[in-house]
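The structure appears below as C-alpha cells.
Number of protein chains: 2
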Amino acid sequence: MPSSEFQLIEHHFSRLGATREDVLLGVGDDCALLQVPPGKVLAVSLDTLVEGVHFLPGVDPEALGHKALAVNLSDLAAMGAEPAWATLALTLPRIDEAWIEAFCRGFAQLANRYRVQLVGGDTTRGPRAISVQVHGFVEAGQALRRDGAGIGDLVYVSGTLGDAGLALRAAAGEYDPGPHLIDIQLRLDRPQPRVEQALALRHLASAAIDLSDGLLADLGHICQRSGCGARLELPSIPLSPALDQFIRERGDWGVPLASGDDYELCLVVPRDRQAEFERVAAGLETPLRRVGEIEAEPGIRCFDAAGNPLRVGRGGYDHFGQA
Amino acid sequence: MPSSEFQLIEHHFSRLGATREDVLLGVGDDCALLQVPPGKVLAVSLDTLVEGVHFLPGVDPEALGHKALAVNLSDLAAMGAEPAWATLALTLPRIDEAWIEAFCRGFAQLANRYRVQLVGGDTTRGPRAISVQVHGFVEAGQALRRDGAGIGDLVYVSGTLGDAGLALRAAAGEYDPGPHLIDIQLRLDRPQPRVEQALALRHLASAAIDLSDGLLADLGHICQRSGCGARLELPSIPLSPALDQFIRERGDWGVPLASGDDYELCLVVPRDRQAEFERVAAGLETPLRRVGEIEAEPGIRCFDAAGNPLRVGRGGYDHFGQA
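Protein sequences appear in the order of chains A and B. Residues in the first sequence are numbered from 89 upward in steps of one, following the working numbering. Residues in the second sequence are numbered from 89 upward in steps of one, following the working numbering.
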C-alpha cells in the first residue's frame, strides 16, 4: 500500500483515462508535454469542488470523480471544443486507498468515454477539495463564445432543467419528490456533459454557455457579454416528470431557472439557421428545446402560458453570495 | 466593492499579468482560447498550496501570490520551457478585498516579469488553498526530462541550498540564525524561479528537475527515471552564509540536502558539454555549481571533504509521509 505522496501519485494517476498519441510525456516529470493539432487552438477551463460547499462529506467518491471531470467537460462543450487532456489537483485530509480508488474509477470511466487522458496532478494534504482543468481543441472560427448572440436569435437548452436543484431541496428536507428521488439524485450526482451535442451543433450557433448557475444567471452572462437581453417562455422550459410535478404543486420557477448544477447546454441560434439546427438536433440522443429569444432590451424577462410577465426569484447560484 | 463571485473574478482576474497576443480569449468565458506557436509543444504543470500545510495562516498575501506562481514557473524552468499562461483556482473562506488585492499584486509582479498572462480562474468558498497551473512552450527535442541522465554525467545546482528549510526551523524555534534571519526568510517567502538559467542552459543538459523536495529526493527522482544513481560531494554544495554557519554549528546536512522549498535547479550535464556549460553558466546572474556525478549504482551517496561516506537523514519533504 503506498505510504508516500510520490507512490500515491505514481500508482493511481500515471494511467488514468485514455492513452493519447498527442501526449509526449504524461504524469511523473516536472511538466507534461503536449501537442496541439496544427490549425487548432487550445481551449482550457478549470473548476474546483470543495467539501461542504459543492459536495457533502459523505458523498460517493466514484460519483465525485465523475462529477469533477463532468463539470469541466461541460465547459469545453459550451465552447464547442473537443476534449483531450485533464489535470487534477487533489487535496485530501489523509490517504484513504478505497476512497482514492473509487474516485479514480468514476473519473476514468468518463475520461475514457471522451478519450481524455490525465496528464498531470498534484496531491496535497488538507481539507478535501478537487480542482480539475480540462484542455480541448477547437478551430478558432468555430469556438462558441458568450459574446456572439444577436437580437432575434433563438435560445435553446438541452435536456431538462432543475433536477439537480430539486435533489438539493429534497436532501434539505424541503420537498418530497416521492418515486422521482432516484432520477433527480442521479442528475445531481452524475451530470452528463453535452459534448456530442456541442460538437454536432457548434457550426450553427452564435453563442453558448453551460448551465452551472441556472438559466437566468447563465443566459444573463451571454446577454451581458453580447450587449442584449432575452425573453423566456416558461411553458417551453423542458421539465422532467419530477420537475413537472413540483411546478404543478409549488409553482416555484426558481428551481428550474435559478438552481445550479444542471450542466445542460444553452445555445443561441440565428433564425436563418433555425431549420438546419432543429434538423441536426432532432437526430441527437438528448433533445434540445427552444425556450426563448434574444431581445435588445437588457435583462431576462419570463412569460407564462397566457403571455403575462412572471417574476422569478433569485439570479442563480453564487458561491460567496450564499455564504 | 464586489459582493458576488462573478464580480470578484471579473474585477481582479480579468487583467492579471502580461497581455499576450497568443491569448485569443482570456478570463470571462467558458474557456480560454490559446494559441501554441507552430513547432512548439505545450508544457503544463500545477502545484497546490494549502493553508496550514504549505503556508501559515498569517502569511503575507503578496508573498503568497508571488510564491504560488513562482513554484510553478520553477517546474517550467526544470523542463526548459518558456512561460506563457497561468490559471488560478483560489479557495477562500470569505471575500477579503485587501487580501485579494495584495495576493494579486504579488502574483502580477512575477507574472509581468516573465510575460505570463492569467487566462482562467475559479474562485470558491472554503478552507484557503491556491492551485496554479502554468503553461509554457518548448521544442520537443529541447525539453529537459528527468529520464535523460547518463552514467558519468555531472550534477549541477543553482543558487544555494537549504535556506528555506532553515527559515522553517527558525520559525519553529529550533534554531536562531541571528542576523541571517531576513535573508533566509526571503528565500522561503519569495523563491525565485530559475527561468533565465534554464533557457540559457537547456540545450546543454541531459536531465533536469527543480528542488522542491530537497536535493536528495529530487536527484533521486532523476536517478530513478534514468535508471542510475549519483554521488554528491558535500564540500561542493553551495551554501549561503546562514547555512554555512548552521553546518559549522550543527553539522546537520539534512537541512541543505533534504529540506523542501528551495526551488533551485538541478541540471545534469554530459562531460563533453562541461566546458561549454560552465562557460555559459558563468555569464548568468545566479551561478551554478558542480556538486556530484551520475553513477551506475542506484541510490545517492554523500561524501565529506576527506572522501568518507556520510549518511544524511530523511529523503525529502513528503506531504502525507509527515502527516
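Built from N, CA and C at the ideal position, the CB exists for glycine as well. Remember, it's a predicted structure, so these values are computed and weren't measured experimentally.
Item	Value
Residues of the region 200-220 of chain A with Cβ closer than 8 angstroms to any Cβ of chain B, in chain order	V207, G208, G209, D210, T211, T212, R213, G214, P215, A217, S219
Whole-angstrom distance between A:A369 and B:G224, CA atom to CA atom	38 angstroms
Supposed contact pair A:E150 and A:A190 - C-beta distance, whole angstroms, cut 8 angstroms	4 angstroms
Presumed contact (8 angstroms Cβ cut-off) between B:V243 and B:N160, rounded CB distance	The pair is not a contact, with the Cβ atoms about 24 angstroms apart (cut-off 8 angstroms).
Nonlocal neighbours in the same chain, by C-beta distance under 6 angstroms from B:F408, ignoring five residues either side	Note on B:F408: pLDDT 49, under 50, position unreliable in the model; the coordinate value appears next. Within the same chain, B:F408 has no close Cβ partners at all.
A:G194 versus A:A158, A:R336, A:H291, A:I382, residue with shortest Cα-Cα distance	A:A158
Endpoints, alpha helix (DSSP H) assigned at A:C192	185-201
Within-7 angstroms CB hit, A:A293 to chain B	no
Cβ neighbours of A:S246 in the same chain (closer than 7 angstroms, five flanking residues each side left out)	R282, Q285, E352, L353, T374, L376
For B:P279, three-class secondary structure by DSSP	coil
7 angstroms Cβ cut-off: residues of chain B touching A:C119	A131, V132, S133, D163, L164, M167, A169
Min CB distance B:R103 to chain A below 7 angstroms	no
From A:T175, A:Y202, A:L144, A:G371, residue whose alpha carbon lies closest to that of A:L121	A:T175
Paired residues, beta bridge with B:Q205 - DSSP	B:G105, B:W173
Any C-beta of chain B under 7 angstroms from that of A:A177	yes
Sequence-distant residues of the same chain with beta carbon closer than 7 angstroms to A:L178, five excluded per side	G209, T211, I218
Residue-chain proximity (A:R275, chain B), Cβ-Cβ < 7 angstroms	no
Beta carbon proximity, B:P397 to chain A, threshold 7 angstroms	no
For A:I297, the first and last residue of its enclosing alpha helix (DSSP H)	From DSSP, A:I297 is part of no alpha helix (DSSP H) but of the beta strand (DSSP E) over 295-298.
Under 7 angstroms (Cβ pairs) to chain A, residues found in the region 290-323 of chain B	I297, D298
Outcome for A:E109 when other beta-carbon atoms lying within 10 angstroms are tallied against a minimum of 16	exposed
Coarse secondary structure for A:S347, derived from DSSP in three states	coil
A:I310 versus A:R389 - alpha carbon distance	14 angstroms
Host alpha helix (DSSP H) of B:F365 (start-end)	362-370
Residues within the region 363-379 of chain B neighbouring chain A, beta-carbon criterion of under 7 angstroms	none
Any chain B beta carbon closer than 7 angstroms to A:V243	no
Simplified DSSP state of A:A158, which is helix, strand or coil	helix
Span of the alpha helix (DSSP H) around A:H309	303-314
For A:V356 and B:A166, the rounded distance between their alpha carbons	44 angstroms
Sequence-distant residues of the same chain with beta carbon closer than 6 angstroms to A:L232, five excluded per side	M167, G168, R290, A293, A296
Interface flag, B:A288 vs chain A, CB-CB below 7 angstroms	no
Spatial distance of A:A330 from A:P265 (CA atoms)	7 angstroms
Assigned secondary structure, A:P149 (DSSP; H/G/I helix, E/B strand, else coil)	helix
Same chain, Cβ closer than 6 angstroms to A:S347, neighbours up to 5 away in sequence not counted	G250, G253, G302
Close Cβ partners of B:S102 (< 8 angstroms) along its chain, the five nearest in sequence each way excluded	G114, V115, G116
DSSP state of A:E383 mapped onto helix, strand, coil	strand
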